[in-house]
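Residue numbers (the working numbering), protein chains in the order written: chain A, -4 to 491; chain B, -4 to 491. C-beta: ideal position from N, C-alpha, C; glycine also.
Number of protein chains: 2
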Amino acid sequence: MTGISHLISKRAKSRQSSHFTNGPSEQPPKGFKPHEKPLLLSYGTPNDGFFPIDSIDVNLVEYPFEHQQKFNNSMENLSISEKNPNSVHIERHTKNPNLIDLSKGLQYVKVEGHDPLIEFTENFIKRTHPPNYDNWSSILTTGASDGLNKACDAILDPGDVILVEEFTFTPFLRFSDNSGAIPVPIKIDLSNDSNGIDLNYLENLLKNWDTTKLPKPKALYTIATGQNPTGFTQTLEFRKKIYKLATDYDFIIIEDDPYGYLTLPKYQGPPKKNQFELKDQLTLEDYLTKHLTPSYLEIDDVGRVIRVETFSKLFAPGLRLGFIIADKSINLVIKNYAETVNRGSSGLAQTVVNNVIQDKLGGVDGWLQWVLKMRATYSYRKDLLLQTIYESKAYEKGLVDVIDPKAGMFVTLKIEFLKDDSDIILKMKELLWKVISYGVSVVPGHNMTVDKEFSKSRSNFFRLCYAPANNDYEIIESGKRLTDAILEFYENGEKF
Amino acid sequence: MTGISHLISKRAKSRQSSHFTNGPSEQPPKGFKPHEKPLLLSYGTPNDGFFPIDSIDVNLVEYPFEHQQKFNNSMENLSISEKNPNSVHIERHTKNPNLIDLSKGLQYVKVEGHDPLIEFTENFIKRTHPPNYDNWSSILTTGASDGLNKACDAILDPGDVILVEEFTFTPFLRFSDNSGAIPVPIKIDLSNDSNGIDLNYLENLLKNWDTTKLPKPKALYTIATGQNPTGFTQTLEFRKKIYKLATDYDFIIIEDDPYGYLTLPKYQGPPKKNQFELKDQLTLEDYLTKHLTPSYLEIDDVGRVIRVETFSKLFAPGLRLGFIIADKSINLVIKNYAETVNRGSSGLAQTVVNNVIQDKLGGVDGWLQWVLKMRATYSYRKDLLLQTIYESKAYEKGLVDVIDPKAGMFVTLKIEFLKDDSDIILKMKELLWKVISYGVSVVPGHNMTVDKEFSKSRSNFFRLCYAPANNDYEIIESGKRLTDAILEFYENGEKF
Chain A
-4 MTGISHLISK
6 RAKSRQSSHF
16 TNGPSEQPPK
26 GFKPHEKPLL
36 LSYGTPNDGF
46 FPIDSIDVNL
56 VEYPFEHQQK
66 FNNSMENLSI
76 SEKNPNSVHI
86 ERHTKNPNLI
96 DLSKGLQYVK
106 VEGHDPLIEF
116 TENFIKRTHP
126 PNYDNWSSIL
136 TTGASDGLNK
146 ACDAILDPGD
156 VILVEEFTFT
166 PFLRFSDNSG
176 AIPVPIKIDL
186 SNDSNGIDLN
196 YLENLLKNWD
206 TTKLPKPKAL
216 YTIATGQNPT
226 GFTQTLEFRK
236 KIYKLATDYD
246 FIIIEDDPYG
256 YLTLPKYQGP
266 PKKNQFELKD
276 QLTLEDYLTK
286 HLTPSYLEID
296 DVGRVIRVET
306 FSKLFAPGLR
316 LGFIIADKSI
326 NLVIKNYAET
336 VNRGSSGLAQ
346 TVVNNVIQDK
356 LGGVDGWLQW
366 VLKMRATYSY
376 RKDLLLQTIY
386 ESKAYEKGLV
396 DVIDPKAGMF
406 VTLKIEFLKD
416 DSDIILKMKE
426 LLWKVISYGV
436 SVVPGHNMTV
446 DKEFSKSRSN
456 FFRLCYAPAN
466 NDYEIIESGK
476 RLTDAILEFY
486 ENGEKF
Chain B
-4 MTGISHLISK
6 RAKSRQSSHF
16 TNGPSEQPPK
26 GFKPHEKPLL
36 LSYGTPNDGF
46 FPIDSIDVNL
56 VEYPFEHQQK
66 FNNSMENLSI
76 SEKNPNSVHI
86 ERHTKNPNLI
96 DLSKGLQYVK
106 VEGHDPLIEF
116 TENFIKRTHP
126 PNYDNWSSIL
136 TTGASDGLNK
146 ACDAILDPGD
156 VILVEEFTFT
166 PFLRFSDNSG
176 AIPVPIKIDL
186 SNDSNGIDLN
196 YLENLLKNWD
206 TTKLPKPKAL
216 YTIATGQNPT
226 GFTQTLEFRK
236 KIYKLATDYD
246 FIIIEDDPYG
256 YLTLPKYQGP
266 PKKNQFELKD
276 QLTLEDYLTK
286 HLTPSYLEID
296 DVGRVIRVET
306 FSKLFAPGLR
316 LGFIIADKSI
326 NLVIKNYAET
336 VNRGSSGLAQ
346 TVVNNVIQDK
356 LGGVDGWLQW
366 VLKMRATYSY
376 RKDLLLQTIY
386 ESKAYEKGLV
396 DVIDPKAGMF
406 VTLKIEFLKD
416 DSDIILKMKE
426 LLWKVISYGV
436 SVVPGHNMTV
446 DKEFSKSRSN
456 FFRLCYAPAN
466 NDYEIIESGK
476 RLTDAILEFY
486 ENGEKF
C-alpha cells in the first residue's frame, strides 16, 4: 500500500474549494488573447493605500529576561530599544523576497499563509527534523490547538477511534469530539526512565482489538517529547517501535510537539546562579545532533505522520501562529477546512514573526540560536525547581518522587505515599486543597485524563510548570510551599 | 415568548467549556483559607520574559493614500514616520487600563478577546448602532468569515433551513454547509431604487411554507447595507418589515455588515479631482444621524439579531480581526465553539488595533474620524467609476445600467440587452471573456448565486469593486475597458 489518502475523513474529502472571484473555468472562445496589463474590478480587497499603518518597528531583546536585567541595573524607565537599538523595520513595500511587507502582510492572503514564512517553516523542519519522504508540505495554523483540531477533522469521521495517551492535553478531546470520534486511552508507564506510552499495553490492545465493539483505530495522538503532563520523551528506538505498529495496524500518528525544542539536560546538582551565563552553553551542531530527539517525521516514509508545531512557546502565545508538517494530501484537506473555519492565521503575526526571524535573527540558524537561549533559561528553571524538591524534607522522607524531564516545561511530582491507596483521587483532591492553602497552584494528574476511572491507580501526581514564574525566587518559593504542604498533609494522617 | 435560546443549535448547546488548569470545583475542606500571595506552577504559559519582543512602534498615516501623496512630492525614500512622527509605542508593561501591553497582548488570553478591545467594540456599537435591548455583548472573531461560520454553528443543526439572498457572499454557503443546514434563496428585486430583498416574494414564501417538504426557516442571512454583490441598502422602514416577519415566523437575522460604515452619497456629477480635499466633508454628527443606515440591532428588542462586523475593510484584512454583537446566550455558545475551532483572534492584532485607536486616534470618535476619511476616498472612487460608465458609449446607447450604491464597495453593472435573453448565463460567460480580453476582471452575477437556475433570469450583471485599484487612472481605465468590451460584444451580434 502506498500513500495514506484512504485514511482521510469522508467529511474532509467532500469539501470543495472555490471562490466567486475565480476566473472562468471553461475554455476561452476562439481568438481570445489575455491582456498584457489587466486591471482589477473583481476582488473586494481594499488597496493597501487604505491601511492606516505605514510601517512598524519591532524592538527586540538579545536574550530572555533581558528587560529584568536592565531593570535590576536601575534603568527602570528606559526601554531596551532606547538603550540598545535592536529593531526590525517593517515597511509598506519591500523588494526583499524573504520579507513580508505591510502591503502584503495586512492584506488578504491564501489560508495556507504567506510564502516566505511557509518556506521558513519548511527549511526549519529540514534542519531540525528532516522528513524521510518527499511529498510533504507546511501549512500555517492559528496555533497548536487549531492544528490539532484540523488534524482531527482531516482524519476522523463520526464513530472513528483515536488512541490517546491516558494523561494528556485534554483540550484535545474537544477536537476529537468535534469530529465525532471516540478517544481510547493508552496506558502510560510512570516509572522514572519511561518512554511514556506503555508499549506492551499498546501492542496487546492492538493485537486483541475487538472490532465488534469498536472499529480499529484510525490514529494515535501523542505528545512524544516532554509529554504533557508527565514530561516523558520517547527515544528514537521507541518511536520506531510505535511507528511499526502504525504501519502494521494502518493508523495515522498525530505528533504534537509544542516545546520539544526546549531540550533539558539531566539534573547534575544545583544550577549556576546567573541564568544569563547559560546562554552560550551549547553549539548549534551539538544541539541538533546530540540533544534534540528525532521526530516521527524522520522515520515516516509514507506520510503517516501529522506533526503539529506552534510558535506559542518559543516566540509568544498571543501571536496565534503555528504550523503543520504533513503529507500534501492531508494539508490539502486541511486548507479546505481552514477556508471554512477560520481563514488562516493573522497576517500581522506572520509578518512580525517572519521579518524578525529573517531580517534580524538570521533565518533558520539564527532562530535556533534564540531557541538555544530559551532552552538554557528553561533548563536553569527546571533544575532550580528540582533542587528545591530534592532538598525538601518530603523528598528526604521518600514521600515524593520526581520525573526529571528531557524536554519541555513540565515536572511530574509523584506522591509516593498515595501509590497504592484505594481512593487516590479523593486523597489527591484533599491534598490539592492543602497545597492551595500554602499558596501554590498545581495541576493534579486526574484533571488530565481521558478516562478518570481507567487512570485512577496512576493518578498520584501533580504536574508542575516552571514557565510562568516571574523570577528565581518564585520558583524556589513555590517548590518549598508545595513540599511543605505535602509533608504536613502526610504528617496529619493524609488529611487536610 | 421571551429570549431566543430555543433557536440555539443542539450541537452548540451541548458543548462544554472546562480546562484542566481550573481550580477544584468542590467545596474546600473545613479550615481552608486561601493564601494571600499565591504562586503558579499550574498554567503552561511562558512568562513574558521569554518573549523576544520588548516593544513595538506602529507608524501611522493621517489619511488614506498619504504615502502616495508623499511619494508624488518626491520624498520617495523617506517613510512617513521619518517626516511626520505619528507613532504609537506599545510597551511590554503599561498601567493604562485602556491599552493592551505586550506582556498581555503576546500572552494567552480568553477566546473572547482582550477586555479593552471588547469594550471598545461595545462602545463603538453604542455610538453607531445602539442595540434596542440590554442583554447583548461583543465577542472578537478572526474576521467576518469566522463570525459568519460561528453564527451558523450557533443556530443551525443538520437539516435546518436558512434563508439567503439569492445573490450573496457565496463563501457563506460553506459556513451553512459546515453546520449541515439547507440554504434557500430569497429573490432580490434588481430595480434601481430597490431595498434588495423582494419583500412580497419573502412574505409569500413564508406564508405558504410547506413544512412537509422543509422545516420552517431558522434564520435569514442578509448583507443589509451595500449588499454583496448588488450594492443595495435596506432602509430603516424596510428593516422593520423584515424584522416583523422574523418575529412572526420566529427566525434569527444574521446581519453581515463588513463595510456599511462606508456610506456613499448619490452621484451628483463628476467628483472633485483631489481626493485629499474630501476628507473633512462631513461632521461626525451628520454622519451618524443622516448618513449611516440603522442596523437591525436598533429594532431588535429580544436578541434575535446576530450582527457580524470586521476590521478587514476599515483597518486591514491581514489582521484577521472582527467581532460579533449578539444576545449573551448566543455569544456564550460562540465562545465555546471558539475554544474548539480556533482559539480566538491574534492577540498581536488586537493589541495593535486597540492601541492605535485608543492611544492615538482617540477612541470611538477618533476611530470614526478615520472611517469618515475612508468613506470620502471610497465615495470619490465610486463616483469616478460611475462617471466613466455614464460617459461611455455603451451607457449612452442604453446597453448598460448601474445601481448607484448608498454604501460599501460594489457597483452593479446591468447588461440591459441581455435582460430577457433565453440563455443569460451562456451569454454572460462569453461576454466575460470579451471583458477579460480587454484587460479588466469583474465578477459575473451568476458566480454569486445560491442556486444558479433559480436566479438565472436575474443574472445579467457584473459586480464592480473600486477598492483594489492603485489610483484614479486605474479606475477610469477599468471603466473604459469594461464599457468598450460590452459595446464591441453587442455590436458583434452578442458574440465574442
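Exposed unless 16 or more other CB atoms sit within 10 angstroms - verdict on residue i
{"i": "Ile75/B", "result": "Its pLDDT being 44, under 50, Ile75/B is placed unreliably by the model, and nothing is read from it."}
{"i": "Tyr128/B", "result": "exposed"}
{"i": "His109/A", "result": "buried"}
{"i": "Thr284/B", "result": "exposed"}
{"i": "Gln263/B", "result": "exposed"}
{"i": "Asp418/B", "result": "exposed"}
{"i": "Leu231/B", "result": "exposed"}
{"i": "Glu71/A", "result": "Confidence at Glu71/A is low in this model, with a pLDDT of 46, below 50, so its placement is unreliable and no value can be given for it."}
{"i": "Tyr468/B", "result": "exposed"}
{"i": "Gly298/A", "result": "buried"}
{"i": "Phe246/B", "result": "buried"}
{"i": "Asn203/A", "result": "exposed"}
{"i": "His441/B", "result": "buried"}
{"i": "Gln345/A", "result": "buried"}
{"i": "Met(-4)/B", "result": "Low confidence applies to Met(-4)/B: its pLDDT is 43, below 50, so where it sits in the model is not reliable enough to give any reading."}
{"i": "Pro265/B", "result": "exposed"}
Residue interval of the alpha helix (DSSP H) (run including residue i)
{"i": "Trp428/B", "result": "Ile419 to Ser432"}
{"i": "Asn350/A", "result": "Gly342 to Asn350"}
{"i": "Thr383/B", "result": "Gly358 to Tyr385"}
{"i": "Val243/B", "result": "Here residue 243/B turns out to be Asp, not Val, going by the sequence shown. Residues Leu231 to Asp243."}
{"i": "Gly100/A", "result": "Leu97 to Gly100"}
{"i": "Leu550/A", "result": "In this structure chain A extends from -4 to 491, so residue 550/A is not present and cannot be described."}
{"i": "Ile113/A", "result": "Asp110 to Thr123"}
For residue i, the first and last residue of its enclosing beta strand (DSSP E)
{"i": "Ala139/A", "result": "Unbroken run through Ala139/A is the alpha helix (DSSP H), Ala139 to Ile150; no beta strand (DSSP E)."}
{"i": "Glu250/A", "result": "Ile247 to Asp251"}
{"i": "Val303/B", "result": "Val300 to Thr305"}
{"i": "Val328/A", "result": "Here Val328/A belongs to no beta strand (DSSP E); instead the alpha helix (DSSP H) covers Lys323 to Val336."}
{"i": "Lys8/A", "result": "Premise fails: Lys8/A lies in the alpha helix (DSSP H), Lys5 to Ser9, not in any beta strand (DSSP E)."}
{"i": "Leu55/A", "result": "Ile48 to Leu55"}
{"i": "Asp396/A", "result": "Val395 to Ile398"}
{"i": "Lys492/A", "result": "Any question about residue 492/A goes unanswered here, given that chain A covers just -4 to 491."}
{"i": "Thr40/A", "result": "First-last for Thr40/A: undefined, no H or E at that position."}
{"i": "Ala389/A", "result": "Looking at the DSSP string, Ala389/A is not in any beta strand (DSSP E); the run it does join, the alpha helix (DSSP H), is Lys388 to Glu391."}
{"i": "Leu209/B", "result": "No beta strand (DSSP E) holds Leu209/B; DSSP gives it neither H nor E."}
Sub-7 Å separation of residue i and residue j beta-carbons
{"i": "Leu427/B", "j": "Glu411/B", "result": "no"}
{"i": "Val438/B", "j": "Ser37/A", "result": "yes"}
{"i": "Met404/A", "j": "Gly39/B", "result": "yes"}
{"i": "Thr220/B", "j": "Ala371/B", "result": "no"}
{"i": "Asn199/B", "j": "Gln229/B", "result": "no"}
{"i": "Ile51/A", "j": "Ile85/A", "result": "yes"}
{"i": "Ser174/A", "j": "Leu151/A", "result": "yes"}
{"i": "Ile502/B", "j": "Ala149/B", "result": "Outside the displayed span of chain B (-4 to 491) sits residue 502/B, for which this structure offers no information."}
{"i": "Pro178/A", "j": "Leu194/A", "result": "no"}
{"i": "Ser340/A", "j": "Leu316/A", "result": "yes"}
{"i": "Leu185/A", "j": "Arg458/A", "result": "no"}
{"i": "Pro33/A", "j": "Gly434/B", "result": "yes"}
{"i": "Phe310/A", "j": "Val336/A", "result": "no"}
Cβ-heavy atom distance, residue i to the ligand MG, below 6 Å
{"i": "Ala214/A", "result": "As far as ligands go, the structure on display features none, and thus does not contain the ligand MG."}
(request) Quick one: which unbroken beta strand (DSSP E) runs of 3-plus residues sit fully inside the segment 439 to 479 of chain A? Chain order, please. (result) Taking only runs of at least 3 residues, the beta strand (DSSP E) segments lying wholly in the segment 439 to 479 of chain A are 456 to 460.
(message) List, from N- to C-terminal side, the alpha helix (DSSP H) runs of 4 residues or more that fit wholly inside the segment 143 to 205 of chain A.
(response) Correct list: 166 to 173 and 194 to 202.
(message) Any contact between the segment 416 to 432 of chain B and the segment 14 to 24 of chain A? By contact I mean 3 or more CB pairs, one from each, below 8 Å.
(response) Result yes; three or more Cβ-Cβ pairs closer than 8 Å.
(message) Is it the case that the segment 245 to 257 of chain A contacts the segment 365 to 381 of chain A, given that we only count it when at least three CB pairs across the two stretches are under 8 Å?
(response) The segment 365 to 381 of chain A is in contact with the segment 245 to 257 of chain A.
(request) Flag this pair as touching only if the segment 138 to 147 of chain A and the segment 110 to 128 of chain A have three or more C-beta atom pairs under 8 Å; answer yes or no. (result) Below 8 Å, too few C-beta pairs join the segment 138 to 147 of chain A and the segment 110 to 128 of chain A to call them touching: fewer than three.
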